[in-house]
Amino acid sequence: DGKGTTRTIQCCAVVSNANIRQTIFDLVGEDNFDRSFIDEAKAVRLNNSSTQVYMALQEEDTLEVKELGDLLFSSTAASFETEALLSRDVTSRTYSFYYPKTRPQSRPRCLIVSSTNARYQDWAELSEEEYQASKQDLCETTLDALDKYVPNVRERIVHVEASTPRSFKHYTHHPAGASFGTKFEGLAVSRALPQQIEGLYHAGSVGIIMSGWLGAMNYGVIVANEVDNQLMTNSSRSTETLEKEIAEDMAAG
Numbered sequence: 008d009g010k011g012t013t014r015t016i017q018c019c020a021v022v023s024n025a026n027i028r029q030t031i032f033d034l035v036g037e038d039n040f041d042r043s044f045i046d047e048a049k050a051v052r053l054n055n056s057s058t059q060v061y062m063a064l065q066e067e068d069t070l071e072v073k074e075l076g077d078l079l080f081s082s083t084a085a086s087f088e089t090e091a092l093l094s095r096d097v098t099s100r101t102y103s104f105y106y107p108k109t110r111p112q113s114r115p116r117c118l119i120v121s122s123t124n125a126r127y128q129d130w131a132e133l134s135e136e137e138y139q140a141s142k143q144d145l146c147e148t149t150l151d152a153l154d155k156y157v158p159n160v161r162e163r164i165v166h167v168e169a170s171t172p173r174s175f176k177h178y179t180h181h182p183a184g185a186s187f188g189t190k191f192e193g194l195a196v197s198r199a200l201p202q203q204i205e206g207l208y209h210a211g212s213v214g215i216i217m218s219g220w221l222g223a224m225n226y227g228v229i230v231a232n233e234v235d236n237q238l239m240t241n242s243s244r245s246t247e248t249l250e251k252e253i254a255e256d257m258a259a260g
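Residue numbers are given in this note's numbering: position 208 of the sequence shown equals residue 215, and the series is strictly consecutive.
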């Protein structure tokens, strides 16, 4: 419960959806693994973090899905550069548009989320005053950029707020607010967990193709199948043992 109270639960399989590094070093402890495996795990790089700006239009204000679509990628950068993608001087954004049809049971409201890549260290050491000012600047510059695609957006928005790498770390507990888990080398380490500790599995974002929610979902299906096989195998072993004991008792009787 986060307060030091623990409870032991006996089970045949455990699936962690925490960051793979957290799973190994924080939840399990490196003393429980082979040294060569720990060396590989320590070499796994975290992915970068991100910022997001959440915006809500007035209830009766609608967007045209045929014009905007569900996703809109926008960049004013002169060329593709990783440093530019991560800079706090944002030049590239991804807009996600949510229409009333997405949630027909809710109020008919259009929502917009702007996402950008970011470095945790660029936000981590800001004072509270600097942090709040930077969040406000992120909101303002996002509205300026969005106006090109949603005219007069400032007058149409009734709520706007921002999240930062610090937000992601706070709410998800991912180290350095990593948005999409780890770089590609995390996959091999994740896959090798059951060979280190039987019954221990990891399902999460570890640098596979489409390594956001879709990658995590697909990987989760794969791991779920492996867990099912593990449980069925253990069940078969238990049944075999019981059948053997019964046969021996009958032979002795």
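We put the beta carbon where it would ideally sit given N, CA and C, even for glycine.
>> Helix, strand or coil for I164? Go by DSSP, reduced to three states.
In response: strand
>> Output needed for L118: all residues of its chain with C-beta closer than 6 Å, excluding positions within five of it in sequence on either side, in chain order.
In response: A63 and Y105
>> Tell me the DSSP secondary structure of V22 in three-state form.
In response: strand
> What is the DSSP secondary structure of V51, counted as helix, strand or coil?
Replying inline: DSSP places V51 in coil when its eight states are reduced to three.
> What three-state label does DSSP hand Q59 in the structure shown?
Replying inline: strand
> Out of curiosity, what's the CA-to-CA distance linking R42 and Q202?
Replying inline: 14 Å
> Exposed or buried, what is N54 when buried is set at 16 or more other beta-carbons lying within 10 Å of its beta-carbon?
Replying inline: Buried: at least 16 other Cβ atoms inside 10 Å.
> Out of F40, E37 and P107, which has the shortest C-alpha to C-alpha gap to E66?
Replying inline: P107
>> Tell me the rounded alpha-carbon separation between H127 and Q112.
In response: Looking at the sequence itself, residue 127 is Tyr, so the reference to His does not match. Cα to Cα, Y127 sits roughly 37 Å from Q112.
>> Considering just the uninterrupted stretch of the beta strand (DSSP E) at L79, what are its terminal residues?
In response: DSSP places L79 inside the beta strand (DSSP E), whose first and last residues are L78 to S82.
> Where does F44 fall in DSSP's three states?
Replying inline: It is helical.
>> Since V120 and Y156 should fall inside the 8 Å C-beta cutoff, what is the C-beta to C-beta distance between them, to a whole number of angstroms?
In response: That pair is no contact at about 13 Å.
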